[in-house]
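Undergrad:
2 protein chains.
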Amino acid sequence: MTATVIVLRDKKGNRRAEGAKTLIEYAYQRLRRDILGGALPPGGKLRIEHLRGRYEIGSSTLREALTLLVADALVVSEGQRGFRVAPISLEDLQDVTRMRKMMECLALRDSIERGDDQWEAGILAAHHRLSRIEERLSDGAEAMAESWENRNDLFHKALISACTSRRILHFRDILYHQSERYRRFSLMSGPGGRDIHGEHRAIMDATLARDAAVACRLVEEHMDKTLAAMAPLLAAAP
Amino acid sequence: MTATVIVLRDKKGNRRAEGAKTLIEYAYQRLRRDILGGALPPGGKLRIEHLRGRYEIGSSTLREALTLLVADALVVSEGQRGFRVAPISLEDLQDVTRMRKMMECLALRDSIERGDDQWEAGILAAHHRLSRIEERLSDGAEAMAESWENRNDLFHKALISACTSRRILHFRDILYHQSERYRRFSLMSGPGGRDIHGEHRAIMDATLARDAAVACRLVEEHMDKTLAAMAPLLAAAP
DNA sequence: GTCAAGAAAAATATCGATATTTTTTGAAAC
DNA sequence: GTTTCAAAAAATATCGATATTTTTCTTGAC
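Going down the list, the sequences are from chains A and B.
Its first residue numbered -12, the first sequence is counted upward by one per residue in the numbering used here.
Its first residue numbered -12, the second sequence is counted upward by one per residue in the numbering used here.
#1: Going by beta carbon distance, what residues of the same chain come within less than 6 Å of A/Asp21, once the five residues before and after it are set aside?
#2: Grouping DSSP H, G and I as helix and E and B as strand, with all else coil, what is B/Leu61?
#3: Given A/His143, which residues of its chain have a CB within under 8 Å of its CB, disregarding the five upstream and five downstream residues?
#4: So what does DSSP say about B/Leu27, is it helix, strand or coil?
#5: Which of helix, strand or coil does DSSP assign to A/Arg34?
#6: Identify the residues that DSSP records as bridge partners of A/Phe70: which are they?
#7: Leaving out five residues before and five after B/Glu36 in sequence, what residues of the same chain have Cβ atoms less than 8 Å from its Cβ?
#8: Would you call A/Asp82 buried or exposed, if buried means 16 or more other Cβ atoms sit within 10 Å of its Cβ?
#9: Nearest to B/Met89 by CA position, among B/Leu156, B/Ile183, B/Met191, B/Pro219, is which residue?
#10: Can you list, in chain order, the residues of its chain with a C-beta nearer than 7 Å to that of A/Thr(-9)? Leave out the 5 residues immediately preceding and following it.
#11: Give a yes or no on whether the C-beta atoms belonging to B/Ala149 and B/Ser98 are separated by under 9 Å.
#12: Are the region 181 to 191 of chain B and the region 110 to 120 of chain B touching by the rule of at least three beta carbon pairs closer than 8 Å?
#13: When we look at the beta-carbon of B/Ala202 and count the other beta-carbons within 10 Å, is it buried (16 or more) or exposed?
#14: Quick one: is A/Arg197 buried, meaning 16 or more other Cβ sit within 10 Å of its Cβ, or exposed?
#15: Quick one: give me the first and last residue of the alpha helix (DSSP H) that B/Lys88 is part of.
#16: Where does A/Cys203 sit, in a helix, a strand or coil, going by DSSP?
#17: For B/Ala216 and B/Ser118, I'd like the C-alpha separation in whole angstroms.
#18: Hey, would you say A/Val206 sits closer than 9 Å to A/Leu80, going by beta carbons?
#19: Our contact map puts A/Met86 next to A/Leu162 with C-beta atoms below 8 Å; I'd like the distance itself, whole angstroms only.
#20: Closer than 9 Å by beta-carbon distance: list the chain A residues that pair up with B/Lys8, in chain order.
#21: If you draw a straight line from the C-alpha of B/Leu221 to the C-alpha of B/Glu136, how long is it?
#22: I need the straight-line Cα distance from A/Val63 to A/Ile75, nearest angstrom please.
#23: Going by alpha carbons, who is nearest to B/Pro219 out of B/Trp106, B/Leu195, B/Tyr169?
#24: How many Å lie between B/Asp211 and A/Gly109 at the Cα?
#25: Looking at the C-beta of A/Phe70, does it have a partner C-beta in chain B at a distance below 9 Å?
#26: Within this structure, are the beta carbons of A/Arg41 and A/Gly69 separated by less than 9 Å?
#27: Would you give the residue range spanned by the alpha helix (DSSP H) that A/Tyr163 belongs to?
#28: To the nearest angstrom, how far is the alpha carbon of A/Leu77 from that of A/Ala199?
#29: Is the CB of B/Met191 under 9 Å away from at least one CB in chain A?
#30: Less than 9 Å between the C-beta atoms of A/Leu18 and A/Leu38, yes or no?
#31: Under a CB-based cut-off of 9 Å, is A/Glu36 close to chain B?
#32: Please go through the same chain and pick out, in chain order, the residues whose beta-carbon is closer than 8 Å to the beta-carbon of B/Gly24, but skip the five residues on each side of it.
#33: Under the rule that 16 or more other beta-carbon atoms within 10 Å means buried, what is B/Gly102, buried or exposed?
#34: Can you list, in chain order, the residues of the region 38 to 60 of chain B whose Cβ is nearer than 9 Å to any Cβ on chain A?
#35: Using the Cβ count rule (16 or more neighbours within 10 Å means buried), how would you classify A/Arg138?
#36: For B/Arg50, is the classification buried or exposed, using 16 other Cβ atoms within 10 angstroms of its Cβ as the cut-off for buried?
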C-alpha cells in the first residue's frame, strides 16, 4: 500500500500518483484530462517524444496509455503513423447523444423493472445531494462546477444502478466519457433558460413511480436539450 | 509496400505477415484466433514470457496487443497481476445475446428507414452468396464451415449497411467478436432441426418490404434460437 | 499440525536504445 | 514554376535489459 506510493515517485522524489496504481494508469488519466480539458486539441497530433517530456514517462508506457484511450475513442491510431486526438464535430456529438439516449433508456427500463428498495433509496439520496449543490450553484461559484458534474453523474448512475446487464452499463460508461469532451461547450452556453432541477425531479418521480415509458421520454428530452444547447457553439468553432 | 512484407519476416526469413501491417496487429490477430479457437482456454492466465516464445515477439509488443484485446473484452487485465483470457459463462452469453439483439435491431430499423436501391441490391447479393454455400453445406463438408461463417456475417452486415450511426455499427462489431467465442458450441450442436435458410429468407423479405417491426422480431428470434442451441452445451462444460 | 514471517523465485511493469518507417527538405530536370 | 527523385531529419515501432511487484517456498514459532 504505502510501497505503491513510494514507487510512483521518481528518483528525484517528485510525486506522480493521484490514485493511479500503475504508471500506465497515471499516464492514461493525465492524457485523458488534457484531452477532455482541451489542452490537447481535437484532431491534433500526439507526438510521443513530446509527451514523453511533458509527463516524464517512458515511450512504451505512453504508447500503452494511448492504446487504452483508443478503446475509449478519445484517441485514434493511424496505422504506422502514430496517434492523434479524436476530432470532434456536431455530427459526432449527435451520434454520441443518440446512442446515449438508447443506452440510458435500456438501462432505465431494466432498472425500473428490477429495482428494489435499496435502489429507490439510492436515487433519493443522490437526488438530494445534487439538489443541495444546485442551490449553492446559483451563487455563480465556478469552483462548484466540477462538483456538480460529479453529483449529476452519480444521480444518473443511481437511476440505472439496478440494471443487470454488465454490457449496457459498460457501453453507457464509454459513451458518457465520449460526451464529456463536449461538456465544456455546455458550460459555455450557461443555463439558457433551462430548469435542470425540474427535469431531474420529473425523471426521478417517473422512475420511482415505475413508469418506464414516461421516464425514458423525459431522459431523452433531457439529453436532447443539452445537445441543443451545445449545437450552435459547436457549429461556430469546431 | 513490398518493404512491409520484408520487414515482417524475421532475421531467419520466416514469414510472419498474414495481412497484418504491424507486428502488434500480427500479435493481436494470432492471439485473437487462439482465444476464439480455444487454444488459449477461457479464464486461463496469459503469461507474457510464455507467449513471447510462442509467437516470437517482444514483450512490449505483446503487451500492446493484449491491451487491444482488453478493449474487445476478450482479455481481462488484472491490475498489476498480468492478463487473463476473459472467462465464458452462460450468463455472459445471455448478456452478449441480449445486447446483440438490441444493436442489431437498432441498426436494422435505421437501415430500413434510410436504405436505398444499392442497399437492397447488396442484401440480395449477399443472400444469394449465402444460399449457394448452404446448398453445398448439406454434403457435410466441414471445410466449408469457415466460409459459411464468413458469408453469414456478410449477409447480416448487408442488412444493416445503410445504418448511419458509426457507433451502432462499432458496438455491433465488438459484440459480434465477443459472441464468436461461443460459436464453436453452436457448431457442436449441429443444425438441431432449424431451418436457418428459411429464417434468413424471412428476415430478408421483411427487410426489403420495409417492415421494421417484423424484421426486428425475426432477427431477435433468429438470435434467440442460436442461444437456445448453445445453452445446454455451455451449462455442461464451462 | 497450523500459522506467520521472511527469503527466494517467477512474473510483470517500465524504460531507453536501436531498427524501421514516414515526412520533410533540397537540388536537378523538365 | 512545378515536378521528381534522393538524401536527411523526425517520428514511430520494436526490442531486450532492468526495476519492481507478486507469488511461492522455506523455516521457525506456537
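The beta-carbon is built from N, C-alpha and C at its ideal position, and this holds for glycine as well.
TA: Result, derived from the coordinates:
#1: Counting from one through the first sequence, the residue named residue 21 of chain A turns up at place 34. So the qualifying residues of the chain are Leu27.
#2: Here residue 61 of chain B is taken as the residue at index 74 of the second sequence, counted from 1. Here B/Leu61 sits in coil by DSSP.
#3: Taking the first residue of the first sequence as 1, we reach residue 143 of chain A at position 156. Only Glu91 meet the Cβ criterion.
#4: Numbered from its first residue, the second sequence carries residue 27 of chain B at position 40. Correct three-state label for B/Leu27: coil.
#5: Locating residue 34 of chain A in the first sequence gives position 47, counting from the first residue. Looking at A/Arg34 - three-state DSSP - the assignment turns out to be coil, as it is neither helix nor strand.
#6: For the purposes of this step, residue 70 of chain A is taken as residue 83 along the first sequence, with counting starting at 1. Per DSSP, the beta bridge partners of A/Phe70 are A/Leu33, A/Ser64.
#7: Counted from its first residue, the second sequence places residue 36 of chain B at position 49. Once the five neighbours on either side are set aside, the close Cβ partners of B/Glu36 are Ser46.
#8: Along the first sequence, read from residue 1 onward, the residue named residue 82 of chain A stands at position 95. So A/Asp82 counts as buried.
#9: Residue 89 of chain B sits at position 102 when you count from the first residue of the second sequence. Minimum Cα distance to B/Met89 is reached at B/Leu156.
#10: Numbered from its first residue, the first sequence carries residue -9 of chain A at position 4. For A/Thr(-9), the predicted structure reports a pLDDT of 29, less than 50, and the residue's modelled location is therefore unreliable. A value from the coordinates is still provided. Answer for A/Thr(-9): Lys8, listed in chain order.
#11: Position 162 of the second sequence, counted from the first residue, corresponds to residue 149 of chain B. Position 111 of the second sequence, counted from the first residue, corresponds to residue 98 of chain B. Contact annotation: B/Ala149 and B/Ser98 have beta-carbon atoms nearer than 9 Å.
#12: yes
#13: For the purposes of this step, residue 202 of chain B is identified with residue 215 of the second sequence, where counting begins at 1. Result: buried.
#14: The residue given as residue 197 of chain A occupies position 210 in the first sequence. It counts as exposed.
#15: Numbered from its first residue, the second sequence carries residue 88 of chain B at position 101. Segment 77 to 101, the alpha helix (DSSP H) holding B/Lys88.
#16: Mapped onto the first sequence, residue 203 of chain A falls at position 216. The DSSP-derived three-state label of A/Cys203 is helix.
#17: On the second sequence, residue 216 of chain B is found 229 positions in, with the first residue counted as 1. On the second sequence, residue 118 of chain B is found 131 positions in, with the first residue counted as 1. Each residue's Cα considered, the two are about 22 Å apart.
#18: Residue mapping note: residue 206 of chain A aligns to position 219 of the first sequence, counting from 1. Residue mapping note: residue 80 of chain A aligns to position 93 of the first sequence, counting from 1. Not a contact, by the Cβ cut-off of 9 Å.
#19: Taking the first sequence and counting its residues from 1, one reaches residue 86 of chain A at position 99. Taking the first sequence and counting its residues from 1, one reaches residue 162 of chain A at position 175. Sure, about 5 Å apart at Cβ, within 8 Å.
#20: The residue you call residue 8 of chain B lines up with position 21 of the second sequence. By Cβ distance, chain A contributes Gly66, Gln67.
#21: Looking up residue 221 of chain B in the second sequence gives position 234. Looking up residue 136 of chain B in the second sequence gives position 149. When the Cα atoms are used, B/Leu221 and B/Glu136 turn out to be separated by approximately 20 Å.
#22: Locating residue 63 of chain A in the first sequence gives position 76, where the first residue counts as 1. Locating residue 75 of chain A in the first sequence gives position 88, where the first residue counts as 1. Distance between the alpha carbons of A/Val63 and A/Ile75 is about 12 Å.
#23: Within the second sequence, numbered from 1, the residue matching residue 219 of chain B stands at position 232. The candidate whose alpha carbon is nearest that of B/Pro219 is B/Tyr169.
#24: By 1-based counting over the second sequence, the position of residue 211 of chain B is 224. By 1-based counting over the first sequence, the position of residue 109 of chain A is 122. So the alpha carbons of these two residues sit roughly 34 Å apart.
#25: Reading the first sequence from its first residue, position 83 is the one you call residue 70 of chain A. No, no contact with chain B.
#26: As a position in the first sequence, residue 41 of chain A is number 54, starting the count at 1. As a position in the first sequence, residue 69 of chain A is number 82, starting the count at 1. No.
#27: Within the first sequence, the letter at position 176 stands for residue 163 of chain A. It spans 153 to 167 - the alpha helix (DSSP H) in which A/Tyr163 sits, taken as one unbroken run.
#28: By one-based count along the first sequence, residue 77 of chain A stands at place 90. By one-based count along the first sequence, residue 199 of chain A stands at place 212. Cα-Cα distance, rounded: 30 Å.
#29: For the purposes of this step, residue 191 of chain B is taken as residue 204 along the second sequence, with counting starting at 1. False, the Cβ-Cβ gap to chain A never drops below 9 Å.
#30: As a position in the first sequence, residue 18 of chain A is number 31, starting the count at 1. As a position in the first sequence, residue 38 of chain A is number 51, starting the count at 1. The Cβ-Cβ distance between A/Leu18 and A/Leu38 falls below 9 Å.
#31: One-based indexing of the first sequence puts residue 36 of chain A at position 49. Output row for A/Glu36: interface = no.
#32: To locate residue 24 of chain B, count along the second sequence from 1; it is residue 37. If we look at B/Gly24 and ignore the five residues flanking it on each side, its Cβ neighbours are Arg171.
#33: Here residue 102 of chain B refers to the residue found at position 115 of the second sequence. When all chains shown are included, B/Gly102 counts as buried.
#34: Flagged, chain order: Ser47, Arg50, Glu51, Thr54, Leu55, Val57, Ala58, Asp59, Ala60.
#35: Stepping through the first sequence from its first residue, residue 138 of chain A is reached at position 151. Answer is buried; the Cβ neighbour count reaches 16.
#36: As a first step, residue 50 of chain B is located in the second sequence; it is residue number 63 there, counting from the start. Looking at its Cβ environment, which holds 16 or more other Cβ atoms inside 10 Å, B/Arg50 is buried.
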